[in-house]
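J.: For reference, the structure I am asking about is given below.
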Amino acid sequence: MSDKFSYRKYVWQQFKKNRPAIVAYYFIVVMAVVALLSNIIANDKPLYCQYKGNTYFPAAREYLVDAGLVQWPSDLVNISWKIESYDAVLWPLIPYGPRELDFMNDRYKSPFDVQDVASQRWHHWLGTDEQGRDVLSGVIHGTQTAFMVGIVSVSITLFIGIILGAIAGFYGDHELQISRVRFWSNFIFLPIAFFYGFQVRSYAISDAFGASAFDGFAQMFFSFFLFLVVLAILNFLLWPLKKISFLGKKVALPIDLLINRVIEVVVSVPGLILIMAVVAVIAKPSIFVVMVLIGLMGWTGIARFVRAEMLRVKKMEFMEAAKAFGYSDFRSIVKHALPNCLTPVFIAAAFGIAGAILTESTLSFLGIGVAPEDVTWGSLLSAGRSNQHAHWLILTPGIAIFIVVTFFNLVGEGLTDALDPRQKK
Amino acid sequence: MLQYILKRILVFVPTLLVISLLTFTLSVHSPGDPVEIIMNASSESGQDADKIAKKDEYQKMRHKLNLDLPVFYFSVSALSESDTLYKIPEKLQRENLARLVDHYGNWDKVSVYYQSLQHFENYAAHLKVSDSLQDHWIALQQITSELYFKSDAAIIENRLSEVEKQLLLIGASTGAGSEISKVKQSFHTMVTQPTAWKNYFPTVHWYGFETQYHLWLSKMLVGDFGLSYYKQQPVITMILERIGPTFMFSILSIIIAFAVSIPVGMNSAIHKGTKKDTFITILLFVLYSLPSFWIATLFINYFTNSEYLDWFPVKGLQNYADGADFVERTLNYAHHMVLPLFCYVYSSFAFISRQMRGSMLQTLSQDYIRTAWAKGLAPKQVYWKHAIRNSLLPIITLVASIFPSLIAGSIVIESLFTLPGLGMLAYEAEVIKDFPVIFTIMLLSAVFTLIGYLVSDILYALVDPRISYSKK
Chain X
1 MSDKFSYRKY VWQQFKKNRP AIVAYYFIVV MAVVALLSNI IANDKPLYCQ
51 YKGNTYFPAA REYLVDAGLV QWPSDLVNIS WKIESYDAVL WPLIPYGPRE
101 LDFMNDRYKS PFDVQDVASQ RWHHWLGTDE QGRDVLSGVI HGTQTAFMVG
151 IVSVSITLFI GIILGAIAGF YGDHELQISR VRFWSNFIFL PIAFFYGFQV
201 RSYAISDAFG ASAFDGFAQM FFSFFLFLVV LAILNFLLWP LKKISFLGKK
251 VALPIDLLIN RVIEVVVSVP GLILIMAVVA VIAKPSIFVV MVLIGLMGWT
301 GIARFVRAEM LRVKKMEFME AAKAFGYSDF RSIVKHALPN CLTPVFIAAA
351 FGIAGAILTE STLSFLGIGV APEDVTWGSL LSAGRSNQHA HWLILTPGIA
401 IFIVVTFFNL VGEGLTDALD PRQKK
Chain P
426 MLQYILKRIL VFVPTLLVIS LLTFTLSVHS PGDPVEIIMN ASSESGQDAD
476 KIAKKDEYQK MRHKLNLDLP VFYFSVSALS ESDTLYKIPE KLQRENLARL
526 VDHYGNWDKV SVYYQSLQHF ENYAAHLKVS DSLQDHWIAL QQITSELYFK
576 SDAAIIENRL SEVEKQLLLI GASTGAGSEI SKVKQSFHTM VTQPTAWKNY
626 FPTVHWYGFE TQYHLWLSKM LVGDFGLSYY KQQPVITMIL ERIGPTFMFS
676 ILSIIIAFAV SIPVGMNSAI HKGTKKDTFI TILLFVLYSL PSFWIATLFI
726 NYFTNSEYLD WFPVKGLQNY ADGADFVERT LNYAHHMVLP LFCYVYSSFA
776 FISRQMRGSM LQTLSQDYIR TAWAKGLAPK QVYWKHAIRN SLLPIITLVA
826 SIFPSLIAGS IVIESLFTLP GLGMLAYEAE VIKDFPVIFT IMLLSAVFTL
876 IGYLVSDILY ALVDPRISYS KK
């Protein structure tokens with residue numbers, strides 16, 4: 001290497017030496033692109049059409065409509081895409097939507113059967129299910145769901161795990177010193193903050209959960225934010241009291257112990273059963289609920305890793321230097337300690353995505369927590385259970401799950417090797 | 426040592442309490458009115474039953490389920506909220522009143538409105554109406570009872586005028602008019618004199634120990650987990666009926682998993698870097714990534730099917746004839762258990778043998794192993810006598826950590842192979858929303874997992890004399 005040494009480049013070079021991992025990595029990139037473009041690859045709406053003198057790009061527009069940014073033009077609101085005649089039209093590669101019912105080819109049409117289609121262009125390459133839905137389209141759109149599950153749940157995992165792990169490792173049981181008055185007052189402040197954050201807004205939260213799970217979690221998050229704000233304000237008001245020497249005396253908050261207890265609680269409840277219980281309670285379960293719950297259950301591993309790394313990093317000279325410079329704890333943690341703690345986090349994140357996809361597909365296979373509009377590999381697979389001859393319904397989604405899970409695991413393995421300092425050459 | 430174990434057990438208690446609180450919170454927020462669900466499931470002719478008798482029965486059942494008690498030892502609530510609201514029997518009515526309070530913040534006015542409504546309902550039920558006007562009378566009662574579940578002012582207003590209309594149609598006396606105007610009056614007072622500020626003023630109530638949580642917890646300590654919503658049985662009997670197969674499968678799969686993984690991990694560590702190691706690694710990796718529900722579906726489809734390979738029975742644990750002797754029975758059980766057991770166990774192979782491999786590699790780099798080589802011991806002795814002992818230590822702790830995954834696996838595998846175990850019970854309960862069963866299984870599996878961790882920690886401390894748990 002002629003240019004400056006950088007850790008990232010070094011890791012990438014180590015990673016590239018691992019053949020299976022690098023192949024898996026490129027495959028994941030390809031699948032991510034498929035997931036992103038699934039509306040364009042497989043859709044019951046044309047890519048491009050000229051209809052009543054106007055030009056539209058319905059398949060691409062669907063992204064914006066789903067995101068709530070635009071609406072369908074009035075011409076296209078109640079249109080049956082397949083039957084309409086266009087002046088000019090270009091259909092996607094797979095001209096079927098994942099939920100579109102092809103009544104001419106329902107009741108499990110095999111890919112090798114003679115299908116009732118206009119031409120080979122309209123052939124169902126992976127067959128159909130009982131209601132005539134195209135399996136290939138379902139598998140492609142399922143990729144999107146799988147990646148969403150992996151990304152959303154692992155982001156939550158990382159967010160909670162890194163914060164709690166860093167705090168537990170950095171402060172330990174003795175180094176988070178707060179004044180006596182603050183320690184005792186917070187026993188009163190916590191219920192008060194809880195009151196303003198959650199109790200006052202309890203109907204806003206439960207009504208939002210009744211509307212949709214996303215709204216519910218958004219309200220919960222907002223409530224949690226309010227909780228923190230109220231807590232911060234109350235603690236700020238204590239500031240003059242700290243000057244009284246008796247009240248201002250420092251006591252250590254055993255934050256490491258507390259976080260470890262929380263980890264123990266989360267670890268001891270089997271995730272699948274907790275998710276089942278919560279999904280049963282929630283008014284409108286959807287795949288989003290499952291993602292969030294997997295994230296909320298899965299952070300313990302990352303927190304432990306970060307904590308262990310933090311214990312190691314904390315003793316290093318540059319941390320002492322940061323202290324000597326008088327940097328705030330926040331700055332020391334975020335800018336100096338954390339970047340050196342993230343090695344195991346990448347590995348855990350890769351394995352975490354694999355695990356999340358596996359858990360979600362198990363749940364949707366059992367029919368737990370999937371709304372009818374969710375397209376997932378697990379629910380595709382479960383549709384094949386009722387017909388033993390429909391091997392295309394059993395094999396393809398299963399293989400898709402297997403491949404994605406294997407690839408993420410392989411990348412995790414590759415990262416483990418690449419980031420392991422013992423392998424340095 | 427004893428001190429460490431005691432300390433470990435002491436730590437176990439608060440964790441358990443937190444888990445019980447979590448479960449209790451979920452169960453309190455579960456939708457539906459448990460009293461009504463249980464009553465509807467138990468009485469076949471719920472509709473014809475006399476209204477008053479039904480109300481009476483409702484109260485009794487509510488008392489039996491301890492639902493007439495405050496929820497928790499204390500409550501943090503708004504000044505506007507009533508601390509006696511829990512005394513109102515019907516859950517849905519109670520929730521609606523709470524919503525009204527949340528809106529207007531004046532419990533005193535809300536309760537007046539509620540009482541006047543009750544009064545009017547009672548009055549309307551005893552009206553003497555000629556046969557030709559029966560339809561109107563029924564409609565009147567219908568609308569009146571709907572009012573209990575409305576919290577939106579405009580809708581209430583609308584319903585009230587509807588009630589008045591029906592009263593006119595019936596041609597009720599002026600007495601009725603004054604009754605309904607009382608309701609209207611109290612409603613208007615409630616709406617026009619709100620004290621919303623009270624909603625933002627927190628208060629704490631202390632209820633003592635006669636609370637739902639307290640009784641729920643103390644009953645659970647003696648093994649009473651409540652009644653199933655849909656089967657008129659205690660949850661604990663249902664669980665005891667089903668725990669056998671799951672327990673058997675768990676024990677068997679732990680034994681098999683370790684019996685297979687330890688030698689495999691050892692082997693791949695001994696032959697590190699060779700083709701054998703690579704092959705084992707890849708094979709285990711593939712097994713690890715295969716979703717067990719898919720494998721189970723494939724097995725059921727292709728190995729239990731007369732059109733493909735009819736090698737194994739489709740479902741259940743046994744189907745021997747009555748006169749079968751012991752050997753036949755055992756074989757029959759074993760035949761049924763092959764496929765599910767494989768599905769249970771294969772994914773833990775990868776996990777355990779990788780840990781074993783890592784720990785073995787670590788041990789092999791130790792000085793005392795070099796010494797063993799130096800004094801000319803045979804490889805067999807070095808590996809299987811000296812190295813294995815120390816590399817087994819970290820593996821012990823894994824017993825506890827594969828336990829949760831076994832429980833999760835049991836849900837899928839048991840419901841696919843229709844094995845009458847806990848996992849299938851959990852799945853069935855999930856489908857029909859039998860909350861007491863779901864929550865009990867959740868709680869019990871958490872307790873079992875915790876006990877697993879406890880035991881493995883203590884075991885670890887016992888087997889490894891190097892670890893000192895006394896205070897530094």
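Top to bottom, those sequences are chains X and P.
Quick note, the first sequence lines up with residues 1 to 425 if you use this note's numbering.
Quick note, the second sequence lines up with residues 426 to 897 if you use this note's numbering.
For each residue, glycine too, the CB sits at the ideal point set by N, CA and C.
Tell me the DSSP bridge mates of Thr55 (chain X)?
T.: X:Gln50
J.: Contact criterion: CB-CB distance below 8 Å. Does Val265 (chain X) meet it with respect to chain P?
T.: yes
J.: Assuming Thr400 (chain X) and Val139 (chain X) form a contact by the criterion Cβ under 8 Å, report the distance between their Cβ atoms to the nearest whole angstrom.
T.: The amino acid occupying residue 400 (chain X) in the given sequence is Ala; Thr does not appear at that position. The Cβ separation is near 5 Å, so the contact holds.
J.: What did DSSP end up calling Ser586 (chain P) once you bin it into helix, strand or coil?
T.: Of the three classes helix, strand and coil, the one that applies to Ser586 (chain P) here is helix, per DSSP.
J.: Use the C-beta contact count for Gly471 (chain P): other C-beta atoms within 10 angstroms, 16 or more gives buried, fewer gives exposed.
T.: Here the model assigns Gly471 (chain P) a pLDDT of 48, short of 50, so the residue's position is not dependable, and the following value carries that caveat. So Gly471 (chain P) counts as exposed.
J.: Kindly say whether Val460 (chain P), judged by its beta-carbon, lies nearer than 8 Å to any beta-carbon of chain X.
T.: no
J.: Please return the same chain residues whose Cβ sits closer than 7 Å to the Cβ of Thr636 (chain P), not counting the five positions on each side in sequence.
T.: Leu494, Pro495, Val496, Phe497, Tyr498
J.: Please compile the residues from chain X whose C-beta is within a distance smaller than 9 Å of the C-beta of Ala871 (chain P).
T.: Val265, Ser268, Val269, Pro270, Ile273, Leu274
J.: Consult DSSP for Pro339 (chain X) and reduce its assignment to one of helix, strand or coil.
T.: Correct three-state label for Pro339 (chain X): helix.
J.: So, does the CB of Asn186 (chain X) fall closer than 8 Å to a CB anywhere in chain P?
T.: no
J.: Gln50 (chain X): which of X:Arg99, X:Ser155, X:Ala88 sits nearest, CA to CA?
T.: Checking every option, the nearest Cα to that of Gln50 (chain X) belongs to X:Ala88.
J.: In the DSSP assignment, what residue or residues form a beta bridge with Ile178 (chain X)?
T.: Partner(s): X:Val251.
J.: For Glu587 (chain P), collect the residues of the same chain with a Cβ closer than 8 Å to its Cβ; drop the 5 residues on either side in sequence, then sort them by chain order.
T.: Ile568
J.: What residues from chain X crowd round Lys858 (chain P), counting only those whose CB sits closer than 7 Å?
T.: Ala280
J.: Could you give the first and the last residue of the continuous alpha helix (DSSP H) run that contains Ala694 (chain P)?
T.: 660 to 695
J.: Using 8 Å for Cβ pairs, my map puts Val230 (chain X) next to Ile178 (chain X). What's the rounded Cβ distance?
T.: About 18 Å; that fails the 8 Å criterion.
J.: Quick check on DSSP: helix, strand or coil for Ser268 (chain X)?
T.: helix
J.: Express the C-alpha separation of Val269 (chain X) and Ile883 (chain P) in angstroms, rounding to a whole number.
T.: One C-alpha to the other measures close to 20 Å.
J.: Who are the neighbours of Pro439 (chain P) on chain X, taking C-beta pairs under 8 Å?
T.: Arg261
J.: If distances are taken between C-alpha atoms only, which option among X:Met297, X:Ile188, X:Phe217 comes closest to Lys284 (chain X)?
T.: X:Phe217
J.: Looking at the secondary structure, which residues open and close the beta strand (DSSP E) in which Leu90 (chain X) lies?
T.: First-last of the beta strand (DSSP E) with Leu90 (chain X): 88 to 90.
J.: Could you check whether the Cβ of Trp631 (chain P) sits closer than 8 Å to any Cβ belonging to chain X?
T.: no
J.: Could you tell me which chain X residues have their CB closer than 9 Å to the CB of Ser867 (chain P), listed as they occur along the chain?
T.: The question names Ser, but residue 867 (chain P) in the sequence shown is Met. Here the neighbours are Val269, Pro270, Ile273, Leu274, Met276, Ala277.
J.: Using the Cα positions of Val289 (chain X) and Phe728 (chain P), report the straight-line distance between them to the nearest angstrom.
T.: 36 Å
J.: Please identify the residue among X:Ser74, X:Leu410, X:Val154, X:Asn54 whose C-alpha is closest to the C-alpha of Gly298 (chain X).
T.: X:Val154
J.: Is Thr843 (chain P) near the ligand SAM, in the sense that its beta carbon is under 7 Å from a heavy atom of that ligand?
T.: As far as ligands go, the structure on display features none, and thus does not contain the ligand SAM.
J.: Could you name the residues of the same chain whose beta carbon sits closer than 8 Å to that of Leu272 (chain X), not counting the 5 residues immediately before and after it, in chain order?
T.: If we look at Leu272 (chain X) and ignore the five residues flanking it on each side, its Cβ neighbours are Thr359, Thr362, Leu363.
J.: For Pro191 (chain X), go through chain P and note every residue whose CB falls closer than 8 Å to its CB, in chain order.
T.: Val501, Pro627, Val629
J.: Let's test the definition: count the other Cβ atoms within 10 Å of the Cβ of Arg795 (chain P) and tell me whether it reaches 16, buried, or not, exposed.
T.: exposed
J.: Quick check: what's the CA-CA separation for Ile41 (chain X) versus Arg754 (chain P)?
T.: If I take the Cα positions, the gap works out to 55 Å.
J.: Contact criterion: CB-CB distance below 8 Å. Does Ser455 (chain P) meet it with respect to chain X?
T.: Chain X, which has a Cβ nearer than 8 Å to the Cβ of Ser455 (chain P), makes this yes.
J.: Locate the beta strand (DSSP E) running through Thr628 (chain P), then write down its first and last residues.
T.: 627 to 631
J.: Would you mind sorting Met426 (chain P) into buried or exposed? The rule is 16 or more other CB atoms within 10 Å of its CB.
T.: Its Cβ having fewer than 16 others within 10 Å, Met426 (chain P) is exposed.
J.: At a CB-CB cut-off below 7 Å, which residues of chain X make contact with Leu592 (chain P)?
T.: Simply none; closest approach about 33 Å.
J.: Could you tell me the distance, in whole angstroms, from the CA atom of Asn186 (chain X) to the CA atom of Gln14 (chain X)?
T.: 49 Å
J.: Quick one: grab the DSSP three-state call for Ile513 (chain P).
T.: coil
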